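Here the structure is laid out as structure tokens; the discussion comes afterwards.
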Amino acid sequence: MTSERAIELAGIRFSYNREVPFMKGLSAAFSHGKVTSIVGPNGCGKSTMVKLIDGIIRPFAGEVLIDGESTFDMGHKERARRVAVLAQASRPPAMTVEALVACGRYPHLERQGRLGPRDRELVEEAMCLAGVERFRGHDLRQLSGGERQRAFIAMTLAQDTRVILLDEPTTFLDIGACHDLMRLVRQLNEQQGKTIIMVIHDLDLALRYSDELLVMERGRVTCAGGVEDVLAEGALERAFGVNVSAHEGAFGKNYAIFPK
Amino acid sequence: MVGSIRNMFSRIAQARPCGFAAVLMASIALLVVLTAAAFLVGSSSVSFAELAAWVTGGQVSDAAKSILTNVRLPRVLAALLAGAALAVAGAVIQAVLDNPLASPNVIGINSGAGLFVLLAAAFFPQYLWLPPLAAFLGALVTALLIFGLSLGANISRLTVVLSGIAITTVFGAGMNTIMIVAPDAYIGSANFLVGGLSGVLMRDLWWPAAYIVVGLAVAFTCGNRLNIMSLGDDSAHALGMNVRGNRLGLLTLAAMLAGAAVSFAGLLGFVGLIIPHIVRFFVGHDNRRVLVMSAVLGAAFVVGCDLLARIMFAPYEVPVGILMAFLGGPFFVYLIMRNRRGGLD
Numbered sequence: 003m004t005s006e007r008a009i010e011l012a013g014i015r016f017s018y019n020r021e022v023p024f025m026k027g028l029s030a031a032f033s034h035g036k037v038t039s040i041v042g043p044n045g046c047g048k049s050t051m052v053k054l055i056d057g058i059i060r061p062f063a064g065e066v067l068i069d070g071e072s073t074f075d076m077g078h079k080e081r082a083r084r085v086a087v088l089a090q091a092s093r094p095p096a097m098t099v100e101a102l103v104a105c106g107r108y109p110h111l112e113r114q115g116r117l118g119p120r121d122r123e124l125v126e127e128a129m130c131l132a133g134v135e136r137f138r139g140h141d142l143r144q145l146s147g148g149e150r151q152r153a154f155i156a157m158t159l160a161q162d163t164r165v166i167l168l169d170e171p172t173t174f175l176d177i178g179a180c181h182d183l184m185r186l187v188r189q190l191n192e193q194q195g196k197t198i199i200m201v202i203h204d205l206d207l208a209l210r211y212s213d214e215l216l217v218m219e220r221g222r223v224t225c226a227g228g229v230e231d232v233l234a235e236g237a238l239e240r241a242f243g244v245n246v247s248a249h250e251g252a253f254g255k256n257y258a259i260f261p262k
Numbered sequence: 533m534v535g536s537i538r539n540m541f542s543r544i545a546q547a548r549p550c551g552f553a554a555v556l557m558a559s560i561a562l563l564v565v566l567t568a569a570a571f572l573v574g575s576s577s578v579s580f581a582e583l584a585a586w587v588t589g590g591q592v593s594d595a596a597k598s599i600l601t602n603v604r605l606p607r608v609l610a611a612l613l614a615g616a617a618l619a620v621a622g623a624v625i626q627a628v629l630d631n632p633l634a635s636p637n638v639i640g641i642n643s644g645a646g647l648f649v650l651l652a653a654a655f656f657p658q659y660l661w662l663p664p665l666a667a668f669l670g671a672l673v674t675a676l677l678i679f680g681l682s683l684g685a686n687i688s689r690l691t692v693v694l695s696g697i698a699i700t701t702v703f704g705a706g707m708n709t710i711m712i713v714a715p716d717a718y719i720g721s722a723n724f725l726v727g728g729l730s731g732v733l734m735r736d737l738w739w740p741a742a743y744i745v746v747g748l749a750v751a752f753t754c755g756n757r758l759n760i761m762s763l764g765d766d767s768a769h770a771l772g773m774n775v776r777g778n779r780l781g782l783l784t785l786a787a788m789l790a791g792a793a794v795s796f797a798g799l800l801g802f803v804g805l806i807i808p809h810i811v812r813f814f815v816g817h818d819n820r821r822v823l824v825m826s827a828v829l830g831a832a833f834v835v836g837c838d839l840l841a842r843i844m845f846a847p848y849e850v851p852v853g854i855l856m857a858f859l860g861g862p863f864f865v866y867l868i869m870r871n872r873r874g875g876l877d
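Residue numbers (the working numbering), protein chains in the order written: chain A, 3 to 262; chain B, 533 to 877.
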């Protein structure tokens, strides 16, 4: 039986500095089949949550469950076969798009990392889904920010997981590329059934493209649920100290955000 | 002037779609030619017919046979082994530390190995198997020092290099001390500090050769891991790699290779720095290719340099390490200049 919860964090206690507790019993859950955005002011623990799920850091107490199983009992590769994490953008590696996407097969391969026919198929499929197949031979460093980010998304798709976690995927992208990437996220959710969790700074993008929001403040979750419910609760207003109002505009719902 | 040279190089680089197989074959051909030349040329020359007969097991004069077996063979073998081992160690270290300036000599691994070899030779000269093992330990200790250092937050690439210089200075002082206190410690010790192959005997080669063959075989299977590592620590971890464990394992491997080479060739510098860069220039950054090519070109480079060192000032002979330092020093400066804006800090 697979649990409805894709990922669950329960009673997490963690701190970077032992004298100052940061997370004192954080709990959060992400449902399968949804696009969920983690939002919150700087330093609220968004990226720490990603690192906890990804196993880069271990909590002092508490559990991280993927499909109901504790990640502490899983090997690194086993975890990577269940959750694909796109880390924050760093210096692009010197490799072609195709080589990068093939890296996504790593958790499924034996130690030498030779691709089988099925692996090649999945790499091909991932490139097509992310729309980067025409750049396959290009060096990543020659691509625009948006194209490069799509190539990285293709890598996470080649990982063939049910859950994809994106850590600030739109940083450094221009507004057009941001929307482009978010449309890709929706498409992957709706057509491929991917569960997508993303940490995102841009509230407008989060509100517009997510099914659910998870609001964090100072190492704890203050509100979680459907976008409209979270808005109605006023959790975003409290977390960021802004007023958010929704308007029906010519192109659908708009969100106006003003300082209080 | 510099601009036009750069243009020329970028034109060569753009005309690069010569396949990997072609580049590899050309390098192997170069290696074979240089190796044959290294057998033929020397203070007393041997004819090609004699070499061919010797290789195929035919009739050879005693004089030629003695030269080939006792003089040339150990020397050429030493050059091949040292070149392949140091170049591959360099490629691994550059990838693992994500630092184009790193190499066994730059980060102090060679000097760590050298110090331990001299210690072994000074205190336990009777054990022939000891120097390679000691070299490995010395290299490993240094590699772990650098590894520990690179764990610290925000350590820049340049800091790693500077630490290597500090380590080299201290270990160098240690080596000089041993040479003064125990002058019999190492035969041909004058060559040892700069790296030379003139005094190498077959019996010095067996143990290091075993280490190097095993080390190279293991290294050739690690290309994909190095590729994954080049995505950055967080991404490699997200793909299910135990990054710290792999980094430690690969540095140990590099230490084994470099240490084995140092145990008989001395502190041969800069092969490990230069060759991976040249290789990447020709075959790109895929580490599976870089490792294999580094082995071939590294071997060819040291055999070629050793050949030059023997004939340039004949009848005098320069230790090959000196020649390589002349080439390597400027190349190092070039790398620093090129990386100045590329984020050394």
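All residues carry an ideal CB built from backbone N, CA and C; glycine is no exception.
Predicted, not measured: the structure shown is a model, and the values here were computed from it.
Euclidean distance between Cα positions of residue i and residue j
| i | j | result |
| --- | --- | --- |
| P109 of chain A | I155 of chain A | 16 Å |
| M825 of chain B | A553 of chain B | 10 Å |
| G254 of chain A | V244 of chain A | 22 Å |
| I712 of chain B | L618 of chain B | 28 Å |
| L782 of chain B | L737 of chain B | 24 Å |
| V52 of chain A | I166 of chain A | 11 Å |
| C180 of chain A | A91 of chain A | 14 Å |
| A831 of chain B | E219 of chain A | 59 Å |
| R548 of chain B | F814 of chain B | Model confidence at R548 of chain B stands at a pLDDT of 49, short of 50, so the residue's coordinates are unreliable; what they give is reported in the following sentence. Each residue's Cα considered, the two are about 7 Å apart. |
| V592 of chain B | V603 of chain B | 15 Å |
| S33 of chain A | R164 of chain A | 11 Å |
| D716 of chain B | L88 of chain A | 59 Å |
| R138 of chain A | E127 of chain A | 12 Å |
| Q161 of chain A | A248 of chain A | 37 Å |
| R150 of chain A | R776 of chain B | 27 Å |
| Q626 of chain B | L650 of chain B | 27 Å |
| D121 of chain A | M557 of chain B | 29 Å |
| F62 of chain A | L168 of chain A | 24 Å |
| I267 of chain A | I259 of chain A | Past the boundaries of the shown model lies residue 267 of chain A; chain A is included only from 3 to 262, so the question cannot be answered. |
| V564 of chain B | V608 of chain B | 11 Å |
Bridge partners - residue i, DSSP secondary structure assignment
| i | result |
| --- | --- |
| I259 of chain A | A:V246 |
| G254 of chain A | A:G251 |
| M218 of chain A | A:V223 |
| K26 of chain A | A:R15 |
| E65 of chain A | A:A12 |
| R7 of chain A | A:S33 |
| D838 of chain B | DSSP lists no partner for D838 of chain B. |
| A86 of chain A | A:I166 |
| E71 of chain A | A:I68 |
| G804 of chain B | Per DSSP, none; premise fails for G804 of chain B. |
| D141 of chain A | A:T98 |
| K228 of chain A | The displayed chain sequence assigns Gly, not Lys, to residue 228 of chain A. In DSSP, G228 of chain A forms a bridge with A:E214. |
Neighbourhood of residue i by C-beta, 7 Å cutoff - its chain only, sequence neighbours within 5 removed
| i | result |
| --- | --- |
| G861 of chain B | none |
| S5 of chain A | Note that S5 of chain A scores 49 on pLDDT, short of 50, meaning its location in the model is unreliable and no value can be drawn from it. |
| I843 of chain B | V573 |
Three-way DSSP call (helix, strand, coil) for residue i in this model
| i | result |
| --- | --- |
| L233 of chain A | helix |
| S92 of chain A | coil |
| T163 of chain A | coil |
| M200 of chain A | strand |
| S559 of chain B | helix |
| L168 of chain A | strand |
| V41 of chain A | strand |
| T98 of chain A | strand |
| D182 of chain A | helix |
| L133 of chain A | Note on identity: in this sequence residue 133 of chain A is Gly, with Leu being the wrong assignment. DSSP places G133 of chain A in coil when its eight states are reduced to three. |
| T784 of chain B | helix |
| Y866 of chain B | helix |
| V52 of chain A | helix |
Own chain, CB closer than 6 Å to residue i, minus 5 neighbours either side, in chain order
| i | result |
| --- | --- |
| R870 of chain B | none |
| T73 of chain A | G57, V66 and R81 |
| V726 of chain B | P851, G853 and I854 |
| W739 of chain B | W661 and P664 |
Short CB-CB distance (under 8 Å) between residue i and chain E
| i | result |
| --- | --- |
| C46 of chain A | Absent from the structure: chain E. Protein chains present are A and B. |
Contact list for the region 633 to 654 of chain B against chain A, Cβ threshold 7 Å: Contact residues of the region 633 to 654 of chain B toward chain A are absent (C-beta to C-beta distance below 7 Å).
- request: Can you give me, in chain order, the residues of the region 802 to 835 of chain B that have a beta carbon less than 9 Å from any beta carbon in chain A?
  value: Within the region 802 to 835 of chain B, those residues whose Cβ lies closer than 9 Å to any Cβ of chain A are, in chain order, R812, G816, H817, D818 and R820.
message: Which residues of the region 56 to 77 of chain A have a Cβ closer than 8 Å to any Cβ of chain B? Give them in chain order.
response: Answer in chain order: D56, G57, I58 and G77.
query: Using Cβ-Cβ distances below 8 Å, what residues of the region 246 to 258 of chain A are close to chain B?
result: Taking 8 Å as the Cβ-Cβ cut-off against chain B, none of the residues of the region 246 to 258 of chain A qualify.
- prompt: Any residues in the region 25 to 54 of chain A with a beta carbon nearer than 7 Å to a beta carbon of chain B? Which ones, in chain order?
  reply: The region 25 to 54 of chain A vs chain B, Cβ under 7 Å: nothing.
query: Just by C-beta distance, which residues in the region 758 to 784 of chain B are closer than 8 Å to chain A?
result: Answer in chain order: N759, I760, S762, L763, G764, D766, S767, H769, A770, L771, G772, M773 and N774.
message: Beta carbons nearer than 7 Å to chain A: which residues of the region 743 to 756 of chain B have them?
response: Here the close residues are T753 and N756.
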